[in-house]
Every structure is written in C-alpha cells, then in structure tokens.
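Undergrad: Can you keep this structure in mind? I'll have questions shortly.
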Amino acid sequence: MPLDTGQILHNRYRVVKLIGQGGFGAVYRAWDTSLDLPCALKENMDTSDEAQRQFRREAAMLARLRHPNLPRVIDHFLIPGRGQYLVMDFIEGQSLAALLSQRAQPLGEAEVLPWIAQVCDALQYLHSRTPPIIHRDVKPQNIIITPEGQAMLVDFGISKVYDPTLQTTVGARAVTPGFSPPEQYGAGTTDPRTDIYALGATLYMLLTGQSPPESVQRMVGSVEMPPPRQVNPAVTATVEQAILRATEVTTGRRFQSVAELRAALAGQPPVQEEKATVVLAETTPAGTMAELTAEPPPTPATVTARQTPGRGRWWLWLVPLLLVLAVAVVVLITRRSPVVEVIEQPIAEEPAVEEPPAEEPPAEEPPAEEPAALPFAGQALRLQIPWSSDDPRLPVLQELLAGFFEPTGAEWALANYDDYEEFQRVLEEGIPAGEGPDIFLTTTDRTGSMVDNGLIVPLSRWFNQSYLYDNFEPAAAQSMIYQGDIWGIPISQEAIAIYFNWDLVSDEMFPGDVGDFAGLLTVATEYHAANPERFLLCNPALGVDASEAYHAAPIYFGFGGPEDPGYVDEEGNVYLDTPERIAAGYWLAEFSQVSPPEASYEDCLDGFLEGRYAAIWGGPWLLPSLWEANIPYGIVPFGRPMVGVSTWVLSPNALERGNRELAA
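Each residue of the sequence shown is one higher than the one before, starting from 2 at the first, in my numbering.
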C-alpha cells in the first residue's frame, strides 16, 4: 500500500505526496525535518535477504556519486517487512515527457541535443565507475529540465552495479516498453549498452513524438520501428543514424560506449575503441585458455527466448541470439585443438576474424599434446537445429548459417521439425545407427535421458569447469555439469514468470502493490479459498516431469547446486537438499495448490487467452500469443531458481568409431 501523507519515516522524512508508482515501488516528495529541505524518497518493496544485501552495497556506492547532472543520494535505510529507501535531492523542474506532452508536437534538435549531451555526460560518469553503474531506466519521464535549463537524470532506485558474471537482479528489474532493450527482459544481463538503447529510444520519442515499439517485438520481427526522418523529416540524417544504431536490438551492433553516441550525435569522428578480447577454449597441456583478439564490435550476446520443448510454439526463439551463440559454439568446436578438425584452412581464414593469421607456437615450445583429438566421422560437420518450417524468419536463418558454414566447407542442415517430439525420435533412433546430427541444440530438461541413453558425450576433455564459470552465467554453467563431467555448452538462460491480464485483475483479486511472486501466491491462495471452483492462476502441469528427466539438469526448475545434483533416486524420489532446490520446490508446491489439477500447457494458454484465467505460468515464448490476442499483460517474475537453459551437445557420431567407447 502507498505511504500515507504526513507519515514520518526513519524519524526524519515526512511524506508530502506520491510522485509516481510502479510494480516494485514508488517515488515520493518528502520533507527532511532535520535540514528543513525538500527531498525525493525512492521506495523499493523487495524485502528479500538478497535484495537487502545488494541494496546496502549499492546505496553506499550511489551516495558517493557527484556529478552536475545527477541528484545526490543523501541517505538510505531499510524498514523491515516494508522496503528499502533511497533519499535524494528533490529536483525542481519539468520532465521531458511532460514537456513533450505540453508541446503536443516533436521537439527540435537544437533544443534537445544539448540536454541529451548532458545526459550522456551523466551516463558516461556512471559507466566509468569501478565497477560501472547501470541506470537501467532512462526515459523521458526520468530526465528533468530545471528552471535554469539543466538536464538532470533522476530515479536511481533501480540502478545496478554492473558485474559481468551476474545476471540482472530480479527484484530490481525495471522494464519500460519501448525504452528497455531485449536483454532487460527475462534473464538477460544488462551492461552499459542497456542505457545506450534507452537513451536512443528517448531521443527517438522526443524528436518524433512517437513512443518507439517494444524491443522484443522488434527482435522477433512482429513490428518495425519507422526511421525518425520518416516520421519527422526535420530530423537530420546524422542524428537519425545515431538513433538507429543506439537502438539496435542486438547489443553488439549498438554504440559500445556513451562517448561514441555523443560523438555521433555531434557529427564528430568515431571514438577510438580498444580491440575486443574474445576468449575461446583451447586446450593446452596445462589446460589454460587462449585469447583471440578481434576487431570490434564484439560478438553480440543476449538472452534467447525459447519455450520448453514440446509445449506449444517452442520455436519462437530470437533468431539473432541463437545464431550468435551457435556460431560461438561452432568456432569453439572447430578450433584446430583438440575437439574436431572441420576445416583445413588456418584459423585466421575464418570469416569472423579480421586480424592477421594466428601466430604459430614458438619453435622452442612443443605443440600441445592431443591424445583426445577426435576428428569427425567423415570430413563434414553435421549441425541440426530444430526450427519451424513455417516461421517467416526461416530464410534469414538459412542465409546467415550458410554465410558462416560455407567458407569452412562444412556440411550443415537446418532440421525443420514443427514437433520437437519428432526431432527427439530422430535423435533416439538415428544416433545409435550412426546417423543424425553431430552437434544439436537441446534443453537441460532432456539431457538426463540423453546421457543415460548414450546420445551425447562429455566435453570435459576439451573444456574445464573454470571455462564455463568464466564465460557463462553461473546458473547456466552449473547446469552443464553432472557427475563431474561437462555435457554441453549453454547458449541461453531464461527466467520463468507469471503473466497476468490487467483486464481481469481487481483490487480483490490482484492488488496493485503485489510486486513479487510470494505476494502473488498469497493473493491467489486467498482467492482460491474464497472461490473453490475458480482459479486465479493456471499451472501447466508443473513438476510432473521432475522425477523423470532432470538428473543431468540440476538448475532446471531450480533443482540445482554446485555439487553433483543427484536429487532423483532410482525410485524417482526428489530430494530437496540445497537452498536452491528447497526454494524452487516451495514455489512449485505452493503454485500447484492454487492451479487447476493436471492442466496441460495448451489448456492454460487457451484459458488465459480466452479470459478464463487471470494469470499463467510461462516464459518469453508467450509474448507472440499475447501480442496476437492483444492481451494487456503484466509480468511478475519468479525467484532466481526458476530458470531453464538451452545447450549445444555433441553426438558420439562426431567421433571416430574407434574412440566411441572412450567418449561415451
């Protein structure tokens, strides 16, 4: 519930009025009774232990910031059971959103660009901190123009200290349709390029008067963003090109720093970039990693949205994301050391590398031993990706894959299986007969049975666990490890969430201040108790498969930890013996109590789209259906344990017949 006017917090700050409210908190104008000054009070209602620890760490860092285009954070405190609070300077002025609404027409470049330059300076300052600070909610509403004409970037309540090894924290997530890039949805990792996208989208709106379309819709191809000059011919070509590059849905195609964006808007030469370092696995006798220097921009890597195989429209993944990680894995596996030999050319002739040919090892150093060097059966790579034959993006995928594989001389195939079960049958019947793909894409909920049936081989001789944890999100990395062996290379990790229909919720069914999954479960339980024949949520048979296939997928549905999972015994009993498993088991059990029994995925989705259920369990694969049905949806994410991982795995057919037993 909102704070009451006149309420005193922390024995010092009196609430004056509510300025704005969102799913995870609110911003208030308040009065500092100690200093007799106005202030802004930012409330975050995530009270989890993890959120509180992060809040203390990051609030202290924000309080040390000093920049002319940023408000000062002057205090921070916690109220147990209520939330976390940042106290900031109150900035008098008008937001750019209000100014645009007041004018009722696009703003001019001459007026806007100086303000945007000041915001660039503020972001550059944040990004240059050690570690960098990501604002993550840049939009017209959060840029205030003071009476003196100074641009101030406000609302630090969801800022995040950037750690490239960690995902975006769920409790602090901010998603503003049109201004949030794809990596800010689901389980994506945000970095300084997230703010670049949002600032580009902000400039687009200011100069065109139109809100940019949702980034995820742009990525899956369901909508396009009209070029700025098409909407407003007064926009100059230079500024248009800067906006279009800043708002690329793929991170690697954006400006890689705010300084680059600022220079482009000013029509100045590009900022000199340092070369990007791409780390690839190259086994040596000591098991070290080799670095390959490539010209920027770096390979883009963002989150892939995909459905659990076999449940509805699973193929609605994000094409560029799949391609990027597919190429990365194939590059890893086609290196001369020691996995496979797919190409005869030197590594420098690979199309993704523009540097001079890789140097040969010094003559005085012996070449790395390759006792496990196992070339492909035949001389060609057989790669198969299950994809829908009626997907309109299929020709683009084929063209991009061909552009990568044809220079290598490798054979490849794009498997068109609308039914994932059919693809699974091909694997189960073909691989033992020496047929089927050498490398294929699967998901962690299926790898357990594949290990048991000898359909995939471990990769531990070529990749060590340190490589996984150095290059992938820890939860995705640990899901690849079973009984001490590595069984796959992860390409994506998705967050599971509750999607709800705003048209069906009311104060009784779904209070507006419910900001986390625990709160939603409480509401759903009370609703079901009062209406035994009705269900607020629909659960697509969650947990039914938990005792069947997940023993090599420790993180799927949250049953995971850094050790050998081993949570399913021979009788199929599930043991919740780590905090992660206990948390996920709790969610599953509680959710099952307030959902129709034995509901299929199709039943839940149909019921949700038809308005019979107010909320449904799901992931990013739901979005196209929601857009098509024009559902006004909202999202409440699960806690961190509820994730799924897609992975590349290696068939024993990729190895010489004589080494098959060794690799099994």
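Each residue gets a CB set at the ideal place from its N, CA and C atoms; glycine is no exception.
Every value quoted in this text rests on a predicted model; they were computed, and no experiment measured them.
Name the residue from Val88, Arg54 and Arg73 whose alpha carbon lies nearest to the alpha carbon of Trp32.
TA: On the sequence shown, position 31 is the one that residue 32 refers to. Nearest C-alpha to Trp32: Val88.
Undergrad: Assuming contact is defined by CB atoms lying nearer than 9 Å, are Ala27 and Lys43 in contact in what I supplied?
TA: Along the sequence shown, read from residue 1 onward, the residue named residue 27 stands at position 26. Along the sequence shown, read from residue 1 onward, the residue named residue 43 stands at position 42. Yes, these two residues count as a Cβ contact at 9 Å.
Undergrad: What three-state label does DSSP hand Gln106 in the structure shown?
TA: Counting from 1 along the sequence shown, the entry for residue 106 is found at position 105. Gln106: coil per DSSP, three-state reduction.
Undergrad: For the beta strand (DSSP E) holding Asn472, just list the boundary residues, first then last.
TA: For the purposes of this step, residue 472 is identified with residue 471 of the sequence shown, where counting begins at 1. Here Asn472 belongs to no beta strand (DSSP E); instead the alpha helix (DSSP H) covers Gln466 to Asn472.
Undergrad: Can you tell me which residues form a DSSP beta bridge with Ser258?
TA: Taking the sequence shown and counting its residues from 1, one reaches residue 258 at position 257. DSSP output for Ser258 lists no bridge partner at all.
Undergrad: How do the region 428–440 and the region 610–628 stand: do at least 3 beta-carbon pairs fall below 8 Å, yes or no?
TA: At 8 Å Cβ cutoff, the stretches do not touch.
Undergrad: CB-CB under 7 Å to Gly82, same chain, minus the five flanking residues each way: which ones, in chain order?
TA: Locating residue 82 in the sequence shown gives position 81, counting from the first residue. Cβ neighbours of Gly82 beyond the five flanking positions: Thr48.
Undergrad: Looking at the secondary structure, which residues open and close the beta strand (DSSP E) in which Tyr29 lies?
TA: Residue 29 sits at position 28 when you count from the first residue of the sequence shown. Gly26 to Asp33 is the extent of the beta strand (DSSP E) around Tyr29.
Undergrad: Apart from the five residues on each side of it in sequence, which residues of its chain come closer than 6 Å, Cβ to Cβ, to Leu124?
TA: Translated into the one-based positions of the sequence shown, residue 124 becomes position 123. Correct list, in chain order: Asp196 and Val259.
Undergrad: For Gly84 versus Pro148, is the C-beta spacing smaller than 9 Å?
TA: Your numbering for residue 84 matches position 83 in the sequence shown. Your numbering for residue 148 matches position 147 in the sequence shown. It is not a contact, given that the beta carbons lie outside the stated cut-off.
Undergrad: Report, in whole angstroms, the separation of the C-beta atoms of Thr209 and Phe180, which I expect to be a contact under 8 Å.
TA: Within the sequence shown, residue 209 is the residue found at index 208, counting from 1. Within the sequence shown, residue 180 is the residue found at index 179, counting from 1. Going by Cβ atoms, the distance from Thr209 to Phe180 rounds to 14 Å, so no, they are not a contact pair.
Undergrad: Using only CA atoms, which one of Ile636, Val155, Met451 and Ala616 lies nearest to Asp90?
TA: Taking the sequence shown and counting its residues from 1, the one referred to as residue 90 is at position 89. The option with the nearest alpha carbon to Asp90 is Val155.
Undergrad: Rounded to the nearest angstrom, how far is the Cβ of Cys539 from that of Pro597, given a contact under 8 Å?
TA: What you label residue 539 is simply residue 538 of the sequence shown in a count that begins at 1. What you label residue 597 is simply residue 596 of the sequence shown in a count that begins at 1. Yes, they are in contact, since the Cβ atoms of Cys539 and Pro597 sit about 6 Å apart, within 8 Å.
Undergrad: From Arg67 to Ile145, what does the alpha carbon distance come to, in whole angstroms?
TA: Locating residue 67 in the sequence shown gives position 66, counting from the first residue. Locating residue 145 in the sequence shown gives position 144, counting from the first residue. Distance between the alpha carbons of Arg67 and Ile145 is about 17 Å.
Undergrad: Over what stretch of residues does the alpha helix (DSSP H) that includes Glu241 continue unbroken?
TA: Mapped onto the sequence shown, residue 241 falls at position 240. Per DSSP, Glu241 belongs to the alpha helix (DSSP H) from Ala238 to Ala247.
Undergrad: Starting from Tyr205, trace the alpha helix (DSSP H) both ways and give me its first and last residue.
TA: As a position in the sequence shown, residue 205 is number 204, starting the count at 1. Per DSSP, Tyr205 belongs to the alpha helix (DSSP H) from Pro193 to Thr209.
Undergrad: For Leu505, which residues from the same chain have a beta carbon less than 7 Å from its beta carbon, with the 5 sequence-adjacent residues on both sides left out?
TA: Locating residue 505 in the sequence shown gives position 504, where the first residue counts as 1. So the list reads Gly612 and Ala615, once near-sequence residues are dropped.
Undergrad: Pick from Ser647, Ala530, Arg57 and Phe501: whose alpha carbon is nearest that of Leu610?
TA: Taking the sequence shown and counting its residues from 1, one reaches residue 610 at position 609. That would be Phe501, whose Cα lies nearest to the Cα of Leu610.
Undergrad: Considering only C-alpha positions, which residue in the set Pro141, Ile20 and Thr237 is nearest to Gln211?
TA: Sequence index remark: in the sequence shown, residue 211 carries index 210 (1-based). Of the listed residues, the one whose Cα sits closest to Gln211 is Pro141.
Undergrad: Which one of Asn631, Gln425, Asp138 and Leu127 has the shortest CA to CA distance from Ser450?
TA: The count along the sequence shown starts at 1 and reaches residue 450 at position 449. Here the closest residue by C-alpha is Gln425.
Undergrad: Contact defined as beta carbons within less than 8 Å: I believe Ala98 pairs with Asp439. What is the distance between those atoms, to the nearest angstrom?
TA: Here residue 98 refers to the residue found at position 97 of the sequence shown. Here residue 439 refers to the residue found at position 438 of the sequence shown. Wrong, their Cβ atoms sit about 53 Å apart, outside the cutoff.
Undergrad: Find the nearest neighbour of Thr252 within the set Glu184, Thr237 and Ile134, judged by alpha-carbon distance.
TA: Residue mapping note: residue 252 aligns to position 251 of the sequence shown, counting from 1. Considering only alpha carbons, the answer is Glu184.
Undergrad: If we define contact as Cβ-Cβ less than 9 Å, is Ile75 a contact residue for chain B?
TA: No chain B is present in this structure, which holds just one protein chain.
Undergrad: Note the first and the last residue of the continuous alpha helix (DSSP H) segment covering Gly608.
TA: As a position in the sequence shown, residue 608 is number 607, starting the count at 1. Segment Tyr602 to Leu610, the alpha helix (DSSP H) holding Gly608.
Undergrad: In the DSSP assignment, what are the bridge partners of Phe78?
TA: Numbered from its first residue, the sequence shown carries residue 78 at position 77. Note: Phe78 sits in a beta bridge opposite Tyr86.
Undergrad: Three-state secondary structure (DSSP) at Tyr568?
TA: Reading the sequence shown from its first residue, position 567 is the one you call residue 568. Because the pLDDT at Tyr568 is just 44, under 50, the model does not fix this residue reliably, and the point stays unresolved.
Undergrad: Judging by CA-CA distance, which residue of Leu627, Leu442 and Gln231 is the nearest neighbour of Ile499?
TA: One-based indexing of the sequence shown puts residue 499 at position 498. Ranking Leu627, Leu442 and Gln231 by Cα distance to Ile499 puts Leu627 first.
Undergrad: Where does Leu10 fall in DSSP's three states?
TA: The residue given as residue 10 occupies position 9 in the sequence shown. Residue state, collapsed to three classes: strand.
Undergrad: Report the three-state DSSP secondary structure of Gly455 (helix, strand or coil).
TA: Taking the first residue of the sequence shown as position 1, residue 455 is located at position 454. Coil, per DSSP.
Undergrad: At the level of alpha carbons, what is the spacing between Arg15 and Thr6?
TA: As a first step, residue 15 is located in the sequence shown; it is residue number 14 there, counting from the start. As a first step, residue 6 is located in the sequence shown; it is residue number 5 there, counting from the start. Distance between the alpha carbons of Arg15 and Thr6 is about 8 Å.
Undergrad: Look at the alpha carbon of Ser647 and the alpha carbon of Val17, and state the distance between them as a whole number of angstroms.
TA: Along the sequence shown, read from residue 1 onward, the residue named residue 647 stands at position 646. Along the sequence shown, read from residue 1 onward, the residue named residue 17 stands at position 16. Spanning the two alpha carbons is a distance of roughly 49 Å.
Undergrad: Would you check if the distance between the CB atom of Thr248 and the CB atom of Gly268 is smaller than 9 Å?
TA: Taking the sequence shown and counting its residues from 1, one reaches residue 248 at position 247. Taking the sequence shown and counting its residues from 1, one reaches residue 268 at position 267. The answer is no: Cβ separation not under 9 Å.
Undergrad: With distance defined between alpha-carbon atoms, name the residue in Thr177, Gly109, Gly222 and Asp453 nearest to Leu200.
TA: In the sequence shown, residue 200 corresponds to position 199, counting from 1. With distances taken between Cα atoms, Leu200 lies closest to Thr177.
Undergrad: Look at Arg194 and Pro182 and say whether their C-beta atoms are less than 9 Å apart.
TA: Position 193 of the sequence shown, counted from the first residue, corresponds to residue 194. Position 181 of the sequence shown, counted from the first residue, corresponds to residue 182. A contact, by the Cβ cut-off of 9 Å.
Undergrad: Can you say whether Pro271 is buried or exposed, counting buried as having 16 or more other CB atoms within 10 angstroms of its CB?
TA: On the sequence shown, position 270 is the one that residue 271 refers to. Looking at its Cβ environment, which holds fewer than 16 other Cβ atoms inside 10 Å, Pro271 is exposed.
Undergrad: Is it buried or exposed, Ala152, if we count other Cβ atoms within 10 angstroms and call 16 or more buried?
TA: Position 151 of the sequence shown, counted from the start, is the residue given in the question as residue 152. So Ala152 ends up on the buried side.
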